Structures are given as structure tokens and as C-alpha cells.
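The block underneath contains the structure these notes are about, expressed in C-alpha cells.
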Amino acid sequence: MPSGRNKPADTEKIKAMLAQNRGKIKLSRAACASCSLCAESCFLYRGNNRDPRYMPSYKWLSSLGTIYRKRGNVDRDFLEKTRENIWKNCVLCMRCYCPFGIDIPGLIGLARSIYRSQGIYGIYPYTTGAPEADNAGEDSGK
Ligand code: SF4
Ligand code: SF4
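The sequence shown begins at 148 in the numbering used here and counts up one residue at a time.
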């Protein structure tokens, strides 16, 4: 039986969490016009040379949005590769503003819940470079 981060993703659990929040996710995806207006309201985006990976819309679309689009059929490799989008690149300060009323912090928070359900957390403290692979899965997330 595989253990730790070698375990496959529990897609049934992910699908159940998506089902509980389907309305909000579906509406938000449909409403997002990819206008990038939320970007300037994120201090991490402005403070990181306007790196597109820090755009609020990118953070939730590249994580939760993708999981939803794939109907929950994602593997642990995907979750590991995208974890930094919702932890390292966001502090959930709730300051991002979307003129279409999309609750970006709420969606990023929901993404974190789904990742946590798979034992995948943010890794603190973030210093330079990527998190140590050996730390993957430690409960140090918010
Ligand atoms: S989340 Fe809102 S502000 Fe950001 S790109 Fe989508 S529609 Fe535009
Ligand atoms: S909640 Fe995240 S994405 Fe929104 S402004 Fe704060 S750091 Fe940026």
C-alpha cells in the first residue's frame, strides 16, 4: 500500500468537495473575463515584478479551476506542482478586488482545503528556492 506523498490522489474525496461547492466554482469560472483587473490589487503581484504567477486569477484558476475543469481527476503530481500557487504566492490577505464580484480569496481558500484533504500543504518558512521535497506533506500549512 503506497504511503505519504506517493499515495495516489483520493479523487472521490476531491469530487465530493467539488460537488459541495459546484455552484460557486461554476459561476466564478463563467464570470471570469480574464481581464487581469484583480492583479493590481495584489501586493504580491506588484512586489514580484508583476510576475503573472502572482495574479489572483491565476492562483485560483491554475489550482481549483483546473481541478474543476478536470472534474476532480487530478493526480498528486499535479497537486504537488501547483501547491505554491495557493500557499507561497498568496497570504489570503483578502485584498484582491474583482469587479465581477468573484470571491478570489474564498476560492483560493477552497483550493487549500482540497489540497489539505490530500495531505498536501504549504511549507513554511519559504526562503529562497523551492521547498525541500523531503518536507512535502508536513502539516505546516494554514
Ligand atoms: S478574477 Fe475578476 S478581475 Fe480577475 S481576471 Fe477574473 S474577472 Fe478579471
Ligand atoms: S488574498 Fe492572495 S491573491 Fe488576493 S491580494 Fe491577498 S495575497 Fe494577493
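Think of the CB as a built atom: it goes at the ideal place given N, C-alpha and C, for glycine as much as any other residue.
Please read these numbers as outputs of a predicted model, since none were measured by experiment.
Under the three-state reduction of DSSP output, Ala178 falls in the helix class. With a threshold of 6 angstroms, the Cβ atom of Ser210 does not count as near ligand 1, since no heavy atom of the ligand is closer than that. Of all C-beta pairs linking the segment 169-181 to the segment 225-237, fewer than three are shorter than 8 angstroms, placing the two stretches out of contact. Between the segment 213-228 and the segment 240-257, the count of C-beta pairs closer than 8 angstroms stays below three; the two stretches do not touch.
Remark: the C-beta of Pro203 is in contact range of ligand 2, defined as less than 6 angstroms to any heavy atom. For ligand 1, a non-hydrogen atom lies closer than 6 angstroms to the CB of Leu184.
Here the alpha carbon of Phe190 sits roughly 15 angstroms from the alpha carbon of Tyr205.
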